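Undergrad:
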Amino acid sequence: MNTPLVPQSVLEHFGIAVAAITGVLAARGKRIDLFGVLVLALVTAYGGGTVRDLLMGDLPPVWLRSSAYLLNATLTALVTFFVVRLRSLPERVLLIADAFALALFTMIGVRKGITLDFTPSVAILLGIITGVAGGILRDVLLGEVPLVFRREINLYATAALGGAALYVGLDAAGTAEAIATTAGVILTLTLRLAGIRWKIGLPLLEAR
Amino acid sequence: MNTPLVPQSVLEHFGIAVAAITGVLAARGKRIDLFGVLVLALVTAYGGGTVRDLLMGDLPPVWLRSSAYLLNATLTALVTFFVVRLRSLPERVLLIADAFALALFTMIGVRKGITLDFTPSVAILLGIITGVAGGILRDVLLGEVPLVFRREINLYATAALGGAALYVGLDAAGTAEAIATTAGVILTLTLRLAGIRWKIGLPLLEAR
Amino acid sequence: MNTPLVPQSVLEHFGIAVAAITGVLAARGKRIDLFGVLVLALVTAYGGGTVRDLLMGDLPPVWLRSSAYLLNATLTALVTFFVVRLRSLPERVLLIADAFALALFTMIGVRKGITLDFTPSVAILLGIITGVAGGILRDVLLGEVPLVFRREINLYATAALGGAALYVGLDAAGTAEAIATTAGVILTLTLRLAGIRWKIGLPLLEAR
Numbered sequence: 133m134n135t136p137l138v139p140q141s142v143l144e145h146f147g148i149a150v151a152a153i154t155g156v157l158a159a160r161g162k163r164i165d166l167f168g169v170l171v172l173a174l175v176t177a178y179g180g181g182t183v184r185d186l187l188m189g190d191l192p193p194v195w196l197r198s199s200a201y202l203l204n205a206t207l208t209a210l211v212t213f214f215v216v217r218l219r220s221l222p223e224r225v226l227l228i229a230d231a232f233a234l235a236l237f238t239m240i241g242v243r244k245g246i247t248l249d250f251t252p253s254v255a256i257l258l259g260i261i262t263g264v265a266g267g268i269l270r271d272v273l274l275g276e277v278p279l280v281f282r283r284e285i286n287l288y289a290t291a292a293l294g295g296a297a298l299y300v301g302l303d304a305a306g307t308a309e310a311i312a313t314t315a316g317v318i319l320t321l322t323l324r325l326a327g328i329r330w331k332i333g334l335p336l337l338e339a340r
Numbered sequence: 133m134n135t136p137l138v139p140q141s142v143l144e145h146f147g148i149a150v151a152a153i154t155g156v157l158a159a160r161g162k163r164i165d166l167f168g169v170l171v172l173a174l175v176t177a178y179g180g181g182t183v184r185d186l187l188m189g190d191l192p193p194v195w196l197r198s199s200a201y202l203l204n205a206t207l208t209a210l211v212t213f214f215v216v217r218l219r220s221l222p223e224r225v226l227l228i229a230d231a232f233a234l235a236l237f238t239m240i241g242v243r244k245g246i247t248l249d250f251t252p253s254v255a256i257l258l259g260i261i262t263g264v265a266g267g268i269l270r271d272v273l274l275g276e277v278p279l280v281f282r283r284e285i286n287l288y289a290t291a292a293l294g295g296a297a298l299y300v301g302l303d304a305a306g307t308a309e310a311i312a313t314t315a316g317v318i319l320t321l322t323l324r325l326a327g328i329r330w331k332i333g334l335p336l337l338e339a340r
Numbered sequence: 133m134n135t136p137l138v139p140q141s142v143l144e145h146f147g148i149a150v151a152a153i154t155g156v157l158a159a160r161g162k163r164i165d166l167f168g169v170l171v172l173a174l175v176t177a178y179g180g181g182t183v184r185d186l187l188m189g190d191l192p193p194v195w196l197r198s199s200a201y202l203l204n205a206t207l208t209a210l211v212t213f214f215v216v217r218l219r220s221l222p223e224r225v226l227l228i229a230d231a232f233a234l235a236l237f238t239m240i241g242v243r244k245g246i247t248l249d250f251t252p253s254v255a256i257l258l259g260i261i262t263g264v265a266g267g268i269l270r271d272v273l274l275g276e277v278p279l280v281f282r283r284e285i286n287l288y289a290t291a292a293l294g295g296a297a298l299y300v301g302l303d304a305a306g307t308a309e310a311i312a313t314t315a316g317v318i319l320t321l322t323l324r325l326a327g328i329r330w331k332i333g334l335p336l337l338e339a340r
């Protein structure tokens, strides 16, 4: 174990708070009440890690083991709920914060996969699931085709795939965990922000 | 262990039957066939307990361990299916029965959380999940925004929260389980029925 | 243990590939990108077995334990993705292949239920879940009422129920596993193909 500059739990709490905010914002224009907004926030914040842990059989998930996690998304959602009713949030800041959350969640997932001895390709998949499943569940609860399935998302899951694959490669080459993680986060962020900046998207099933 | 007047399994079977009926009724106007109706009934009846048990890692859930549970929702749904085709059900009776089911499911969930040593706030959440997750899954299968997320539901999850919190408080104060459970059921019922009677609802994300 | 002519894993891989193809095809007309298509393929291919294993508490599911399973659906989906953009697939061939996949998945599920000592009715349910849950999840991700809930599907879950019940009956009567499985597959296939040929459907909730 090496000691990173910022402990994992701090990064995780940052990711959870950002995800909770996007969960609240997804409810705009839907006539959803405070309870619905809280569920959407919790599902977005904990959904990715929970799907991963369900599949791995590592239960109960961490947010049920300590009240601190639960408190984080709940309070963030409550504050966001009342702020959103007063003023609009700066979309740009949010997109960048969300890219950080994606990168952090993905790294947490892929590291857990490697630590528990899954094969490299499965570990990468677990990283992507941790990064994107919360948002997929949020959109399913809203009766919508998940945003991450659409070309307009501009390299979301793909950015997670890139970062996770880089982590797995560096880890296999014997790189220190802190360095591999940092490299994975940077690649995920770069791909995601480049995707947004230049509107890069994956091919659609139907080209026309 | 104290011996309640009515054993828990009887109450649980009552809740399951009522939930199965609401699952069948949700399919009205959707051109759904008998199989779809059965799935909706089973999901509504067992969904809340199953999500709770999945998260807790207490598997398989009780309805897979004994055929009696499976039989209950299946037969209830079959009977309801054919009754609904002939005549309409009294909406008011159903709303009151459903309020009882909500209260019972919530108490079962919160008690399980306390028994398995989760923190009070997590136990309350497990109670709410047991009470409302079945209906959320039912609505998601129908491609709709869950009813419990809408203001028109009139204190559904909130009633569960109230009852669960009261149970946790009384339990922490050393109250006998039977009394705490009864008090929790009564508070949940009162909040829910008051919500329906006076059309009380939570604030919406967008006030206008 | 008897040695079947075709080992179970070969049949399973066949079913997974067919299911992955139907996952890709379901995305037509939805403006879904390559990542969305891959998720839909994986969910359709592994969803039924995963829901079954989650409920049984047998985790992680087999497709996370070996990369061969993951590779199968991923490659099948990639090839289908690019083929679909060039030409249409023969619908009839696909329907028949899908009927085989349904029969195989159902048998795998019911056998697992019997092997792990669940009651006969629960084992039948586990067979049906393995056969149909992947398609249900696929349709939920697309925001649609599951195809298998509609009369137009023509005996899909019902065919699985018939085959699973026959397997359980033969198994209880002491029939060799290979024979019971073959009989179950044949009955499922016959019901499904007869349903398609003569447009047989279950009654709808609302007859009018």
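Protein chains in written order, with the numbering used here: chain A, 133 to 340; chain B, 133 to 340; chain C, 133 to 340. Ideal Cβ positions, reconstructed from N, Cα and C, are used throughout, including at glycine. Since the structure is predicted, the reported quantities are computational estimates derived from the model, not experimental observations.
1. When you check each C-beta in the segment 147-168 of chain A against every C-beta of chain B, which residues fall closer than 8 Å?
2. Check whether the Cβ atoms of A:VAL175 and A:VAL216 lie closer than 8 Å to each other.
3. Work out the CA separation of B:ILE246 and B:LEU258 for me, nearest whole Å.
4. Between B:ASN134 and chain A, is there a C-beta pair that is closer than 8 Å?
5. Any beta-carbon of chain C closer than 8 Å to the one on A:PRO192?
6. In chain order, what residues of the same chain have a beta carbon less than 7 Å from the beta carbon of C:LEU343, not counting five sequence neighbours either side?
7. List the residues of chain A whose Cβ lies closer than 8 Å to the Cβ of B:SER253, in chain order.
8. Given this structure, state the Cα-to-Cα distance separating A:SER253 from A:MET239, to the nearest angstrom.
9. For C:ASP230, which of helix, strand or coil comes out of DSSP?
10. With DSSP as the reference, label A:ASP271 as helix, strand or coil.
11. Note the first and the last residue of the continuous alpha helix (DSSP H) segment covering B:PHE146.
12. Any C-beta of chain A within less than 8 Å: which residues of the segment 221-250 of chain C qualify?
13. Applying the 10 Å Cβ sphere with the 16-neighbour rule, what's the burial state of C:VAL142?
14. Count the other CB atoms, across all protein chains shown, that sit within 10 Å of the CB of A:ARG243; report buried if there are 16 or more and exposed otherwise.
15. Which residues in the same chain have their Cβ closer than 7 Å to the Cβ of A:LEU227, if we skip the five residues on either side of it in sequence?
16. At which residues does the alpha helix (DSSP H) containing C:SER199 begin and terminate?
17. Under 8 Å Cβ to Cβ from A:ALA149, same chain only, skipping five residues before and after it: list those, please.
18. On the CB-based measure, 16 or more other CB atoms within 10 Å of its CB, does C:GLU284 come out buried or exposed?
19. Would A:GLU309 pass as an interface residue toward chain C - the criterion being a Cβ-Cβ separation below 8 Å?
20. So is C:ALA289 in contact with chain B if we call contact Cβ pairs under 8 Å?
21. Write down the C-beta distance between A:PHE281 and C:PHE167 rounded to the nearest angstrom, noting that I regard them as a contact closer than 8 Å.
22. Figure out for me which residue from B:THR251, B:LEU279, B:PHE237 and B:GLU276 has the closest Cα to the Cα of B:ILE260.
23. With a threshold of 8 Å between beta carbons, is B:VAL280 in contact with chain A?
24. Where does C:LEU287 sit, in a helix, a strand or coil, going by DSSP?
25. Where does A:ASN134 fall in DSSP's three states?
26. May I have the straight-line CA-CA distance separating C:LEU269 from C:THR182, to the nearest angstrom?
27. When burial is assigned at 16 or more other CB atoms within 10 Å of the CB, is B:LEU221 buried or exposed?
28. Which residues in chain B sit within 7 Å of C:LEU257, going by Cβ to Cβ distance?
29. With a CB to CB cut of under 7 Å and the five nearest residues on each side skipped, what residues in its chain are close to A:ALA151?
30. Is the Cβ of B:GLY179 closer than 8 Å to any Cβ of chain C?
31. From B:THR290, B:GLY180, B:LEU334 and B:LEU302, pick the residue whose C-alpha is nearest to that of B:THR322; which is it?
32. Excluding the 5 residues preceding and the 5 following C:LEU186 in the sequence, name in chain order all residues of the same chain whose CB lies nearer than 7 Å to its CB.
33. Check whether the Cβ of B:GLY267 lies closer than 8 Å to any Cβ atom in chain C.
34. Find out if the Cβ-Cβ distance for the pair C:ARG184, C:GLY241 is shorter than 8 Å.
35. According to DSSP, is B:ASP303 part of a helix, a strand, or is it coil?
TA: A quick look at the data gives this:
1. VAL156, ALA159, ARG160, GLY161, LYS162, ARG163, ILE164, ASP165, LEU166, PHE167 and GLY168
2. Contact: no.
3. Pairing B:LEU258 with B:ILE246, the inter-Cα distance amounts to about 10 Å.
4. Caution applies to B:ASN134, whose pLDDT of 48 falls short of 50 and renders its modelled position unreliable; the value that the coordinates give is listed next. Output row for B:ASN134: interface = no.
5. no
6. Only positions 133 to 340 of chain C appear in the structure, and residue 343 of chain C is not among them; the question remains open.
7. SER199, LEU202 and LEU203
8. In this model, A:SER253 and A:MET239 are separated by some 14 Å (Cα to Cα).
9. helix
10. helix
11. It spans 140-157 - the alpha helix (DSSP H) in which B:PHE146 sits, taken as one unbroken run.
12. none
13. exposed
14. buried
15. ILE328
16. 199-218
17. ALA177, ASN204, ALA205 and THR208
18. exposed
19. no
20. True, the Cβ-Cβ gap to chain B drops below 8 Å.
21. Indeed they touch by this definition, with Cβ atoms about 7 Å apart.
22. Answer by Cα proximity: B:PHE237.
23. yes
24. coil
25. Any reading at A:ASN134 must be qualified, since the residue scores a pLDDT of 48, below 50, and its modelled position is unreliable; no value is offered.
26. In a straight line, the C-alpha of C:LEU269 is about 11 Å away from that of C:THR182.
27. When all chains shown are included, B:LEU221 counts as exposed.
28. LEU202
29. THR176, ALA177, ALA233 and GLY266
30. no
31. B:THR290
32. Taken in chain order, the list of residues that qualify is empty.
33. no
34. yes
35. Helix, per DSSP.
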